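**Q**
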Amino acid sequence: MIDVITLGNELLRQKSAPVEGVDEKLRQFFRDMFEIMSRQKGVGLAAVQVSSLLRFFITNVPKDKPRIFINPEIIETSIEQDVYEEGCLSVPGVNADIERPSSVKIQAYNEKERPFTLSCENNLLARVIQHELDHLNGVLFIDHLPEGLKRELVTEYINNKKKKAAS
Ligand code: NI
């Protein structure tokens, strides 16, 4: 079974490489990822989180359909920002208020290799898209926090992990 990798695994810091084509093997990988994401009750999952450095992520946000974004690029962001409490399957147990643009326009390819653009205005999908796209560039949501707060959260995370391992 495929596992979601967590903070400390160096793969999470790598930049993912463009997808060159979608074959049956990759389609199966999409299905596996949707299964993992729903099992872990996530709303988004980037390939790197399951140890693949391919440039794509999937989303399944409430009131929206499941989506696949291949070789995505954000082509517009709003000046308006908002704050939302984020979490990540790769940083379990940690949540933090993160400020990001409230709306984005994204360009990507779907599983049929067709290009599409999508405008997300003031909704959860806009938030998830930015979080997941960060993963493809080796960036985690905690990187958006001031250095001191980030260090505090990471220390807490490591201590919790140690406690868990010891019990
Ligand atoms: Ni994440």
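Take any residue in the sequence shown, note its place counting from 1, add 5, and you have its number in the working numbering. Built from N, CA and C at the ideal position, the CB exists for glycine as well. Treat the numbers as computed from the prediction; the structure is a model and nothing was measured.
Using DSSP's beta-bridge definition, name the partner residues of residue 72.
**A** Residue mapping note: residue 72 aligns to position 67 of the sequence shown, counting from 1. Bridge partners of residue 72: 64.
**Q** Apart from the five residues just before and just after residue 92, which ones in its own chain have a Cβ nearer than 6 Å to its Cβ?
**A** Counting from 1 along the sequence shown, the entry for residue 92 is found at position 87. Taken in chain order, the residues that qualify are 100.
**Q** Can you give the Cα-Cα distance for residue 140 and residue 172, rounded to whole angstroms?
**A** Translated into the one-based positions of the sequence shown, residue 140 becomes position 135. Translated into the one-based positions of the sequence shown, residue 172 becomes position 167. Near 31 Å, if we compare the C-alpha coordinates of residue 172 and residue 140.
**Q** By how many angstroms is the C-alpha of residue 169 removed from the C-alpha of residue 80?
**A** Residue 80 sits at position 75 when you count from the first residue of the sequence shown. Residue 169 sits at position 164 when you count from the first residue of the sequence shown. Approximately 42 Å, taken between the alpha carbons.
**Q** Do you know offhand how far residue 153's Cα is from residue 127's?
**A** Counting from 1 along the sequence shown, the entry for residue 153 is found at position 148. Counting from 1 along the sequence shown, the entry for residue 127 is found at position 122. Taking the straight line joining both Cα atoms gives about 29 Å.
**Q** Using 8 Å as the cut-off, can you tell me whether the stretch 103-121 makes contact with the stretch 131-149, which would need three or more C-beta pairs spanning the two stretches below that distance?
**A** Contact holds: three or more Cβ-Cβ distances are below 8 Å.
**Q** If you follow the alpha helix (DSSP H) that residue 131 is part of, which residue opens it and which one closes it?
**A** Counted from its first residue, the sequence shown places residue 131 at position 126. Per DSSP, residue 131 belongs to the alpha helix (DSSP H) from 129-141.
**Q** Could you give the residue range of the beta strand (DSSP E) that holds residue 26?
**A** Locating residue 26 in the sequence shown gives position 21, where the first residue counts as 1. Here residue 26 belongs to no beta strand (DSSP E), and DSSP marks it neither H nor E.
**Q** Measure from the alpha carbon of residue 77 to the alpha carbon of each residue in 94, 61, 151 and 40, then state which is nearest.
**A** Looking up residue 77 in the sequence shown gives position 72. The shortest C-alpha separation from residue 77 is found at 61.
**Q** Could you say if the stretch 52-71 and the stretch 8-28 meet the contact criterion of at least three C-beta pairs nearer than 8 Å?
**A** These segments touch.
**Q** Given a cut-off of 9 Å on the beta-carbon distance, is the pair residue 145 and residue 66 in contact?
**A** Locating residue 145 in the sequence shown gives position 140, counting from the first residue. Locating residue 66 in the sequence shown gives position 61, counting from the first residue. It is not a contact, given that the beta carbons lie outside the stated cut-off.
**Q** Taking C-alpha atoms, which residue in 14, 143, 24 and 63 lies nearest to residue 37?
**A** Start at 1 with the first residue of the sequence shown, and residue 37 comes out as number 32. Answer by Cα proximity: 63.
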